[in-house]
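K.L.:
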Amino acid sequence: MPLPFRSALTGAVALLTLLGSATPAAADNRNDPNWAGYAFEGTTGSFSRVLAEWVQPSGECPEPDTRMYAASWVGLDGYRGTTVEQTGTTARCSEDGQISYFAWYQMYPDPPVRYADPVQPGDRLMAQVSYLPDEDEFELDMWDWTRRWAESTFQRVPEGHTALRRTAEVVVEDPKRAQNAWWPMTRFSRIDFRNCQVNGSPIGDLPDPLVLTMRRDQVNRARPTRLFDSGRAFQVNWEHS
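All the letters of the sequence shown, read from the start, carry residue numbers -27 to -1, 1 to 214 under mature numbering (1 follows the signal peptide of the UniProt record, and there is no 0).
(1) Checking the sheet assignment: what are the DSSP bridge partners for L185?
(2) Could you work out which residue in E212, P148, P175 and L183 is closest to R205 when comparing CA atoms only?
(3) Looking at C-alpha atoms only, which residue of T140, Q71, P91 and W211 is the closest neighbour of G18?
(4) Exposed or buried, what is D38 when buried is set at 16 or more other beta-carbons lying within 10 Å of its beta-carbon?
(5) Rounding to the nearest angstrom, what Cα-Cα distance links R87 and E36 in this structure?
(6) Out of R138, R194 and P131, which has the shortest C-alpha to C-alpha gap to P85?
(7) In terms of residues, what are the limits of the beta strand (DSSP E) holding I72?
(8) For V143, collect the residues of the same chain with a Cβ closer than 6 Å to its Cβ; drop the 5 residues on either side in sequence, then sort them by chain order.
(9) For the candidate residues D1, A(-1) and A44, whose alpha-carbon lies nearest to that of residue 241?
(10) Should E68 and R160 be called a contact, given that it needs their Cβ atoms to be closer than 7 Å?
(11) Quick check on the burial criterion: 16 or more other C-beta atoms within 10 angstroms. Buried or exposed for T(-5)?
(12) For C34, write down the residues that DSSP places opposite it in a beta bridge.
(13) With H, G and I counted as helix, E and B as strand and the rest as coil, what does DSSP make of D190?
(14) Using the C-alpha atoms, what's the distance from T126 back to G70?
(15) What's the gap between the Cα of A123 and the Cα of S31?
(16) Name the residue from M187, W211 and S203 whose alpha carbon lies nearest to the alpha carbon of N2.
(17) Can the beta-carbon of V28 be found less than 7 Å from the beta-carbon of V171?
(18) Spell out the partners DSSP gives I164 in its beta bridges.
(19) Chain C beta carbons: is any one of them nearer than 7 Å to that of T62?
(20) I think W156 touches Y42, with their Cβ atoms under 8 Å apart; what is that distance to the nearest whole Å?
(21) For my contact list, I164 and Q208 are in at a C-beta cut-off of 8 Å; report their separation, rounded to the angstrom.
(22) Check the C-beta distance from N210 over to R196 and give it rounded, since I have them as a contact under 8 Å.
(23) Which residue marks the beginning of the beta strand (DSSP E) containing E58, and which one marks its end?
(24) Can the beta-carbon of L185 be found less than 7 Å from the beta-carbon of D5?
(25) Quick check on DSSP: helix, strand or coil for A195?
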């Protein structure tokens, strides 16, 4: 359901200026076949809100006759879980070498739902996923400050599944196309995640973050930097499709 832009702006958190650098204590560096970024693990019910801002990078399609994807998103669950409540943007290369950009949300294992709103390189974006305990549902919000649109949807987990809320994520993903097989990743220079929060706190304040490098077939695909901006920001650098 589209939100009036002014209403969305009133409820949003403003962009912050760089204040310094932060290194998470006891960071756990791991390889993951299709995620790059930061994830956080806890016990059941530990996480109720995740938020981040980023600028949509320009993508390139270096491999002809091949679909390619690079998705930036925030979410709850998903890491070692059977559900994911997530929203973000994707840069998609089609087989004819054309690139498109779009925003979406997903209540995995249901398929993603694409928004019709325009997204282009350079757009300033913000995404948020919140758990609403009174309704036992999730609010998934997406804002594009540059094009002045906002979307909000309220969703329950798919029937037969339970959202444990044991993890939270801010990541870049290269989606699967089959079991143990992934699409090549759309080329981008880097993605700058800013104002990253979990449960209302900077992600640098959370203990034991999982720092995920996207690596498969003995090749690094994308890698996150250390946190900066007082533990609120990091970058993901593209390395290989």
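We put the beta carbon where it would ideally sit given N, CA and C, even for glycine.
Quick caveat: nothing in here was measured; it's all calculated off a predicted structure.
P.N.:
In brief:
(1) Partner(s): R3 and G10.
(2) For the residues E212, P148, P175 and L183, the minimum Cα distance to R205 belongs to P175.
(3) Measuring C-alpha to C-alpha distances from G18 to each of T140, Q71, P91 and W211 identifies T140 as the nearest.
(4) Burial call: exposed.
(5) For R87 and E36, the gap between their C-alpha atoms comes out near 24 Å.
(6) Per the Cα distances, P131.
(7) Element bounds for I72: I72 to Y81.
(8) Only residues of its own chain outside the window of five on either side were considered, and among them G10, Y11, A25, V47, F166 and C169 have a CB closer than 6 Å to the CB of V143, listed in chain order.
(9) With the chain running from -27 to 214 in the structure shown, residue 241 is simply not present.
(10) If you check the CB distance, E68 and R160 do not come in under 7 Å.
(11) Here the model assigns T(-5) a pLDDT of 46, short of 50, so the residue's position is not dependable, and the following value carries that caveat. Per the 10 Å Cβ criterion, exposed.
(12) C34 pairs with nothing; no bridge assigned.
(13) Coil at D190, not helix or strand.
(14) Spanning the two alpha carbons is a distance of roughly 32 Å.
(15) Approximately 21 Å between the Cα atoms of the pair.
(16) When only C-alpha atoms are compared, the closest one is M187.
(17) No; because the gap between Cβ atoms is not below 7 Å, this pair is not in contact.
(18) DSSP output for I164 lists V209 as bridge partner(s).
(19) Included in the structure is just one protein chain, with no chain C present.
(20) Separation of the CB atoms of W156 and Y42 is rounded to 5 Å, and the pair is thereby assigned contact status at 8 Å.
(21) The pair is a contact, with the Cβ atoms about 7 Å apart (cut-off 8 Å).
(22) Right, their Cβ atoms sit about 6 Å apart.
(23) Residues V57 to C66.
(24) Between L185 and D5, the gap from beta carbon to beta carbon is short of 7 Å.
(25) A195 falls in the strand class under three-state DSSP.
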